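One structure is given here, and the rest of the page talks about it.
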């Protein structure tokens, strides 16, 4: 992917929302891997942080992506909740954090955490 592709996606999101104000934009940033770290081309992570994440209604980062979007490390569930709420303050209504093994969950399970402003 590229930042240019992201610009096209957000253009479509704006068109859909103009036609239907109740439409929701669900963004799965797909830029980090739990074992490999950031796996996208230069500029993509920055694009997600500056544009895609604030424009989303719901964002679904894994733990690595949550760290990339926030700019700091997340080491436990309390930090994951606090960090997700930092993202919510920038735009999304809901943050669905995936792959929480490094935050204290078991490696052999696919754990998720749904966070809202409340």
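Numbering (the numbering used here), first residue to last: 575 to 692.
Glycine is no exception: its CB is placed at the ideal position from the N, C-alpha and C atoms.
Keep in mind that this is a model prediction, so the values were computed, not measured.
Skipping 5 residues on each side, what residues in its chain have a beta carbon closer than 7 Å to that of residue i?
| i | result |
| --- | --- |
| residue 666 | 627, 630, 631, 632, 633 |
| residue 688 | 668, 670 |
| residue 590 | 597 |
| residue 599 | 587, 629, 630, 631 |
Can you name the start and end residues of the alpha helix (DSSP H) that residue i belongs to?
| i | result |
| --- | --- |
| residue 584 | 577-593 |
| residue 670 | Note, residue 670: premise wrong, no alpha helix (DSSP H); beta strand (DSSP E) at 668-672. |
| residue 654 | 651-662 |
| residue 625 | Careful: residue 625 lies outside any alpha helix (DSSP H) and carries neither H nor E. |
| residue 619 | 618-621 |
| residue 644 | 637-644 |
Flag this pair as yes or no: are the beta carbons of residue i and residue j separated by less than 8 Å?
| i | j | result |
| --- | --- | --- |
| residue 639 | residue 616 | no |
| residue 643 | residue 674 | no |
| residue 648 | residue 641 | yes |
Once the 5 residues before and after residue i are set aside, which same chain residues still bring their CB inside 6 Å of it?
| i | result |
| --- | --- |
| residue 664 | 628 |
Please list, in chain order, all residues of the same chain as residue i whose beta carbon is under 8 Å from its beta carbon, the five residues on each side excluded.
| i | result |
| --- | --- |
| residue 580 | 618, 621, 622, 625, 626 |
| residue 584 | 625, 626, 629 |
| residue 658 | 640, 669, 671, 687, 689 |
| residue 595 | none |
Could you pull the start and end residues of the beta strand (DSSP E) that residue i belongs to?
| i | result |
| --- | --- |
| residue 545 | This structure cannot speak to residue 545, because the chain is shown only from 575 to 692. |
Which residues does DSSP list as the beta-bridge partners of residue i?
| i | result |
| --- | --- |
| residue 596 | Residue 596 pairs with nothing; no bridge assigned. |
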